[in-house]
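Engineer: What follows is a single structure, and I will ask about it in a moment.
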Amino acid sequence: MPMTPPRTNLAIAIDGGGAKGLIVAQALLALEQAFGGKPLIEYPNLKILTGTSTGTIIGAGIALGMTGKAIIDMYTEATGHVFPPLFASWVPASLQGWLTLLVGLTRPSLYSPDAIKTMIRNVIQQQTGNPDLTLRELQQRLRPDQALVITVVDINERRTHFLKSYQENDGDWKLWEAILASSSAPTVLPVFKRGTAFLTDGGTGAYGNPAYIAAREAVEWSHYRPEDISVFSFGTGWLSPAAFEKGSGAADKWNILNWAMNASNIMIGDAARSQSLEIIDRYIPQDQPERSMDFRRFQVELAQDFNPFAPNTQTNQQMLALGDQLGQRILNDQHALGAEPGFDPEGLRDALARSNASKQQGTQKG
């Protein structure tokens, strides 16, 4: 079954996930194929790109005119360079968690930002001739009806900011600054300081999955009707409850290190699911299907997690294979709310069913 074409106004939203962005980058090859084989930014229906952390890197790459293949090459060429191994290969994996914690106690971040900053600026240079391209200049390269939206968290304000390519107040941001701020994962990369503001990874807020931001951008700022909008939301892999426990151990046995390693994963996972549910609740009214937004959440289930900051040749190959699966799901309309069940590891269908049942009970009581 061929992919159902998106509606007139397409928004693409890409989750955070470090090196697991390679899964989405590979899946984009299928989307390019469906849209005629050109860089995605040339597709006339593509209006909005939103990303968090690694999703910002991919979204910005699309906005710069990169192909899926070029984005894949960027990820694979960065392997072992942007995040070099902290320990020798002979150090037992069972010790590396404790040693990582000890290293983290001695400095603000595990890695220097120099390598990723150089990589990002080189890519921007290759695409535009100007490594210090600003968001304002990026918008001039885009069509007037296109926009890139980037999430960053202001630490002192304790809230998420949305940097927009068309917003005049954000225009003097260099693109590499915005990408680095959105990707500065706590403990992994240092806080990004700009002026007096301390900024960090957009995933530390509530928008590790920026799909709801894409939907709101389309409706409230671009003023498109929900029935004219498609939101393609891409996750970077989801662990089932059993796989999560297998990798993390039973929660009632966690010590302080286990909590330090796993608490953020719980919050990020909950936020990722909740952003999809916000779209369903607000823009997919069950009593008026003709006014519903076309929301396609594409996600793959992981048998085991990948370290988002320690990719290697083997894990890259595994992630590329998962990306092929994700790409095939795009082409086959196999997404969380699609007609075919079995492609919803985050449980959105069950949540939707519970919500509908609750609303029906409320109507009956009324």
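Numbering of the sequence shown is given in the numbering used here, commencing with residue 204 and proceeding in unit increments. All C-beta atoms, glycine included, are put in the ideal place defined by N, C-alpha and C. All values reported here derive from a predicted model rather than from experimental measurement.
Could you tell me which whole beta strand (DSSP E) segments of length 3 or greater appear in the segment 364-406?
Structural biologist: 395-397 and 400-404
Engineer: Determine whether the beta carbon atoms of Ala350 and Glu245 lie at a separation below 8 Å.
Structural biologist: The residue you call residue 350 lines up with position 147 of the sequence shown. The residue you call residue 245 lines up with position 42 of the sequence shown. Result no, Cβ atoms of Ala350 and Glu245 do not sit closer than 8 Å.
Engineer: Pick out whichever of Pro393, Ser256 and Arg344 has its Cα sitting closest to the Cα of Phe365.
Structural biologist: Here residue 365 refers to the residue found at position 162 when the sequence shown is read from its first residue. The shortest Cα separation from Phe365 among Pro393, Ser256 and Arg344 belongs to Ser256.
Engineer: By how many angstroms is the C-alpha of Ala554 removed from the C-alpha of Leu243?
Structural biologist: As a first step, residue 243 must be located in the sequence shown, where it is residue number 40. As a first step, residue 554 must be located in the sequence shown, where it is residue number 351. Looking at the two C-alpha atoms, the distance is approximately 32 Å.
Engineer: Below 8 Å on the Cβ atoms is my guess for Val503 versus Ile226; work out the distance and round it to an integer in Å.
Structural biologist: In the sequence shown, the residue the question calls residue 503 occupies position 300. In the sequence shown, the residue the question calls residue 226 occupies position 23. At roughly 7 Å, the Cβ-Cβ gap stays under 8 Å, so Val503 and Ile226 are in contact.
Engineer: For the putative contact between Ala230 and Gly545, defined by C-beta atoms under 8 Å, what is the C-beta separation to the nearest angstrom?
Structural biologist: By one-based count along the sequence shown, residue 230 stands at place 27. By one-based count along the sequence shown, residue 545 stands at place 342. Between Gly545 and Ala230 the Cβ distance is about 18 Å, and since that is not below 8 Å, they are no contact.
Engineer: Bridge partners of Ala216, per DSSP?
Structural biologist: Taking the first residue of the sequence shown as 1, we reach residue 216 at position 13. Partner(s): Thr253 and Ser436.
Engineer: Tell whether a beta-carbon distance below 8 Å holds between Leu534 and Ala233.
Structural biologist: In the sequence shown, residue 534 corresponds to position 331, counting from 1. In the sequence shown, residue 233 corresponds to position 30, counting from 1. Yes, they are a contact pair.
Engineer: In chain order, what residues of the same chain have a beta carbon less than 8 Å from the beta carbon of Thr337, not counting five sequence neighbours either side?
Structural biologist: Counted from its first residue, the sequence shown places residue 337 at position 134. Counting only Cβ-Cβ distances below 8 Å, and skipping sequence neighbours, we find Gly374, Asp375, Trp376, Lys377 and Leu378.
Engineer: Name the two residues that bound the continuous alpha helix (DSSP H) containing Ala463.
Structural biologist: Taking the sequence shown and counting its residues from 1, one reaches residue 463 at position 260. Ala463 -> alpha helix (DSSP H) spans Ile459 to Tyr486.
Engineer: Could you give the C-beta distance for Ala388 and Gly221, rounded to a whole number, given that I count them as a contact under 8 Å?
Structural biologist: Here residue 388 refers to the residue found at position 185 of the sequence shown. Here residue 221 refers to the residue found at position 18 of the sequence shown. Correct: roughly 7 Å between the Cβ atoms.
Engineer: Between Pro334 and chain D, is any beta-carbon pair separated by less than 8 Å?
Structural biologist: The structure shown contains no chain D; it is built from a single protein chain.
Engineer: With a Cβ-Cβ cutoff of 8 Å, do Pro316 and Pro393 count as a contact?
Structural biologist: For the purposes of this step, residue 316 is identified with residue 113 of the sequence shown, where counting begins at 1. For the purposes of this step, residue 393 is identified with residue 190 of the sequence shown, where counting begins at 1. In contact: Pro316 and Pro393 (Cβ atoms closer than 8 Å).
Engineer: Would you give the residue range spanned by the beta strand (DSSP E) that Leu225 belongs to?
Structural biologist: Here residue 225 is taken as the residue at index 22 of the sequence shown, counted from 1. Element bounds for Leu225: not the beta strand (DSSP E) but the alpha helix (DSSP H), Gly224 to Ala237.
Engineer: So, helix, strand or coil for Ile358, using DSSP?
Structural biologist: Reading the sequence shown from its first residue, position 155 is the one you call residue 358. Coil at Ile358, not helix or strand.
Engineer: Hey, quick one: how far does the beta strand (DSSP E) through Arg339 stretch, first residue to last?
Structural biologist: Within the sequence shown, the letter at position 136 stands for residue 339. In this chain, Arg339 is not harboured by any beta strand (DSSP E); it is covered by the alpha helix (DSSP H) spanning Leu338 to Arg344.
Engineer: Between the Cα of Thr354 and those of Phe401, Gln329, Glu340 and Ile416, spot the shortest distance and give me the residue it belongs to.
Structural biologist: Mapped onto the sequence shown, residue 354 falls at position 151. It is Ile416 whose Cα lies nearest to the Cα of Thr354.
Engineer: Confirm, please, whether the CB-CB distance from Leu540 to Phe501 is below 8 Å.
Structural biologist: Within the sequence shown, numbered from 1, the residue matching residue 501 stands at position 298. Within the sequence shown, numbered from 1, the residue matching residue 540 stands at position 337. No, they are not a contact pair.
Engineer: For Ala506, is the classification buried or exposed, using 16 other Cβ atoms within 10 angstroms of its Cβ as the cut-off for buried?
Structural biologist: Position 303 of the sequence shown holds residue 506. So Ala506 ends up on the exposed side.
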